[in-house]
Each structure stands twice: as structure tokens, then as C-alpha cells.
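The structure appears right after this line, and notes come after that.
In the working numbering, the protein residues as written are -9 to 376.
Structure (C-alpha cells):
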């Protein structure tokens, strides 16, 4: 995995190259405040599944269906395969003998990568504790960097970076609003997010000639409070449907969507406001198939992020299948496949005693409806479970 030092060095190089005349970056992606390695392995179709600690962020209503407590302390990272090559090229260009050579090398680097997209989400460090009906999460650091190379005033690196710190609390209950043959769970997660954001387009000349070691003048930062509201519904399942146990879900994320109104100016006294979280709506369904020996299979279908400015039918569609297995309480895991925004996904997870390992490969759509572009990503999560 990419070393933490080199990853942060790239962040500083790009951050320090932003000046008062920088062009605003282009961004065609749908940024997620929280992702789960397990969920991404099954196409991120998790709104109606949400049966682990990540229910706090995917669908808080699922907290009403927990039967025991679970504490997860995790370290997670994700990159695409080309991101490492980009870092090597930037290191070489930054070490050129003269400024003119440095400009030439940066120009060649940007030009040869025209149309490409690079992604990194390292590190994500946090803890989530869930109990029947409630849960709490503290995520001190979640750094993601997306770099797209687009034609603006010449070819430019379009940098969109987010550094989030999140504290969240969720609560859920089963309701008595419907007849006994129906089950409806309702939940909400209140979250406080502090965000440092960079969203600028950088030219080769800026990369080569900026003399500042750490120019923070054009950073965006702020804190916001928001809430997610979720529902889970189990209808009566007569006939054949009783073998599939359907569950349907609906979640409104970022209900308030007031923007980052509180700026403590921790980065710079003139820092601006990051983009809003964006109110969005998720619809999901899950079908539990009959158990087979130690295996518990289920399939799920989601339409996510409706209402986001970059939403499209392709970017909103998610589907997945998971084969969960359990030998003992201390030895269990899962295999998963899926479709995320039109691209295949696969995942694997295993728990041995307190140690949990999850890996996933997934594709995301980073282009437009007229010019599609896949970003193939690989995620690794190491965790302690109690």
C-alpha cells in the first residue's frame, strides 16, 4: 500500500501550488462522506442490508434491529492503480535541475494524462460503537483526493480533496404505526462534520514555479451539523416470498443541508466555505435467500444519491449479492459481488477472534453522461472487533 508519507507529500505539493489566480476545478463524481469496504464489495447496494456498524451512516433505522453490541476500530485505505504512477512522475518532475526543465516535465506529465482520473482515500481512521437501538462514531481523519486531467486553460490537474473529521450519534426504534404483520423501523443519525476542502485546477507553470511551502490562502474549511433519517420496512410475505424475506429501505441523507456555517479558521484566517454536503435520497431493497449449511446468502438493489447535482441513472444504480458464512462467533466472513455505477465489484471479508480483514475492488463513474470514464479502485480495511 502507498506509504503515508508519500501520500501526504503529494497532498502538500498540490495544496501549496494553489494561488489566488487558480481556476475552479471540474468534478463529475459523487463524493460520499462515509463508505464501507464490505458495502463496496457488493456494489454499495447496502441501504436495506446495513446489518453491521456502518448502519449508522447507510441507514440508521437498522440500529433498531441489532440484537447485540459491536465496537469496531478501523484503518482503511483505497487507491486506484494509476495513482502510484502519478506520484512517481510528480516526484521526478519536482526534482528537475532547473525551473524550465521542471515546467517542461510537468507539462509533459499533464498532457500525457489528459482525460485520466486518479483517486486516493488514505487514511480513514475511526471507531464505531453500535448497540441495540443506538450507536456512536468518531472518525478523526478521512482524507480523499480526486485528480482529473481536463482541458481548461490548457491541460490542467483538477484537484478535489476532502479532509473530514466526523462525530455521529444514531438512534432507532420499531414503530407501531402498521398492523402486526408489518414491521417498520425508523432511525436518525445526527452528525457533526469538520471539513478542509481544496477544489482547484492547477497548471504545469503553477506546479513548477510556486515558491510557497504550504499556501493555505485558498483552502476551504468549516463545520456543519446535519441529520440522516432512515426507514426499514418488512411487508407480509405470503407464498413464495416467505422464502426471500423482502426488506425495503428509504433514507434521506443531509436533511438540513445548511452548508458549513461555522468556520474556526484553523487552516487560514481567510479560508472560504466548502461545498455543501448535498441533500440526497436513497431507495433500497434486500432479499434473504434460504440458508445453506453455514452460508447466509442475500441480494440487494439500490438507487442512491438522487438529488445530487452529478446524479444520473447510471451513477445511481447499485446491485449486489453476498454470501455470508459463519463457522463460529469468532470465525466468520463473506464473499460478495456487485455492480456499482455500471461497473463490477467484488469483495471478501474474514474475522478471526478480534481481527477483521476486508478487501474490495470496485469501479466508479468519474465522467459525464456523454463521456463515460471508469475509475477502478482497490480498498483494504484492517480492524479490531469487540
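Note that beta-carbon positions come from the ideal geometry of N, C-alpha and C, so glycine has one too.
Quick one: is the Cβ of residue i within less than 7 Å of any heavy atom of the ligand SAM?
i: residue 183; result: The ligand SAM is not among the ligands present in this structure, which contains no ligands whatsoever.
Check residue i in the structure and name its three-state DSSP category.
i: residue 203; result: Residue placement at residue 203 cannot be trusted, given a pLDDT of 35 that sits under 50; what the coordinates show is reported in the next sentence. Coil, per DSSP.
i: residue 57; result: coil
i: residue 232; result: helix
i: residue 257; result: coil
i: residue 168; result: coil
i: residue 47; result: helix
i: residue 73; result: helix
i: residue 276; result: strand
i: residue 241; result: strand
i: residue 375; result: strand
i: residue 80; result: helix
i: residue 31; result: helix
i: residue 65; result: strand
i: residue 267; result: coil
i: residue 93; result: helix
i: residue 127; result: strand
Select from the options the residue whose C-alpha is nearest the C-alpha of residue i.
i: residue 64; options: 130, 218, 57; result: 130
i: residue 248; options: 276, 214, 224; result: 214
i: residue 275; options: 336, 263, 289; result: 289
i: residue 223; options: 79, 198, 164; result: 164
i: residue 326; options: 287, 270, 125; result: 287
i: residue 15; options: 185, 142, 335, 197; result: 142
i: residue 66; options: 58, 133, 114; result: 114
i: residue 24; options: 44, 33, 120; result: 44
i: residue 344; options: 68, 83, 319, 26; result: 319
i: residue 279; options: 227, 253, 83; result: 227
i: residue 272; options: 265, 307, 260; result: 307
i: residue 134; options: 122, 128, 152; result: 152
i: residue 196; options: 42, 148, 356, 162; result: 148
i: residue 333; options: 348, 354, 339, 122; result: 354
i: residue 180; options: 26, 265, 158; result: 158
i: residue 192; options: 138, 346, 22; result: 138
i: residue 183; options: 250, 238, 209; result: 250
i: residue 26; options: 365, 376, 339, 83; result: 339
i: residue 246; options: 169, 268, 321, 76; result: 268
What's the gap between the Cα of residue i and the Cα of residue j?
i: residue 40; j: residue 94; result: 50 Å
i: residue 283; j: residue 342; result: 20 Å
i: residue 29; j: residue 103; result: 31 Å
i: residue 360; j: residue 109; result: 21 Å
i: residue 281; j: residue 312; result: 12 Å
i: residue 100; j: residue 194; result: 7 Å
i: residue 56; j: residue 369; result: 27 Å
i: residue 98; j: residue 225; result: 59 Å
i: residue 178; j: residue 160; result: 6 Å
i: residue 372; j: residue 36; result: 20 Å
i: residue 92; j: residue 136; result: 23 Å
i: residue 188; j: residue 107; result: 16 Å
i: residue 203; j: residue 85; result: Any reading at residue 203 needs caution, since the residue's pLDDT is 35, under 50, leaving its predicted position unreliable; the model's value is listed next. If you take the alpha carbons of residue 203 and residue 85, they lie about 15 Å apart.
i: residue 277; j: residue 112; result: 33 Å
i: residue 236; j: residue 175; result: 14 Å
i: residue 49; j: residue 301; result: 20 Å
i: residue 47; j: residue 199; result: 42 Å
i: residue 314; j: residue 328; result: 14 Å
i: residue 270; j: residue 241; result: 8 Å
i: residue 285; j: residue 146; result: 50 Å
i: residue 258; j: residue 54; result: 42 Å
i: residue 42; j: residue 337; result: 16 Å
i: residue 123; j: residue 234; result: 25 Å
i: residue 330; j: residue 260; result: 39 Å
i: residue 185; j: residue 89; result: 34 Å
i: residue 357; j: residue 363; result: 5 Å
i: residue 128; j: residue 229; result: 44 Å
i: residue 377; j: residue 166; result: Since the first and last residues shown for the chain are -9 and 376, residue 377 lies out of range.
i: residue 61; j: residue 117; result: 7 Å
i: residue 154; j: residue 119; result: 19 Å
Taking the continuous alpha helix (DSSP H) assigned at residue i, which residues delimit it?
i: residue 179; result: Looking at the DSSP string, residue 179 is not in any alpha helix (DSSP H); the run it does join, the beta strand (DSSP E), is 173 to 192.
i: residue 16; result: Here residue 16 belongs to no alpha helix (DSSP H), and DSSP marks it neither H nor E.
i: residue 104; result: Counting along the chain, residue 104 falls outside any alpha helix (DSSP H), and DSSP gives it neither H nor E.
i: residue 40; result: Unbroken run through residue 40: none, as it is neither H nor E.
For residue i, report the span of its beta strand (DSSP E) as first-last.
i: residue 214; result: 210 to 224
i: residue 116; result: 107 to 121
Answer yes or no: does any C-beta atom of chain D fall closer than 8 Å to that of residue i?
i: residue 118; result: The structure shown contains no chain D; it is built from a single protein chain.
Continuous beta strand (DSSP E) assignments of at least 3 residues falling wholly in the segment 278 to 366: 285 to 296, 307 to 318, 321 to 330, 333 to 342, 345 to 355
Hey, which unbroken runs of the beta strand (DSSP E) at 3 residues or more fall wholly within the segment 131 to 167? 144 to 164
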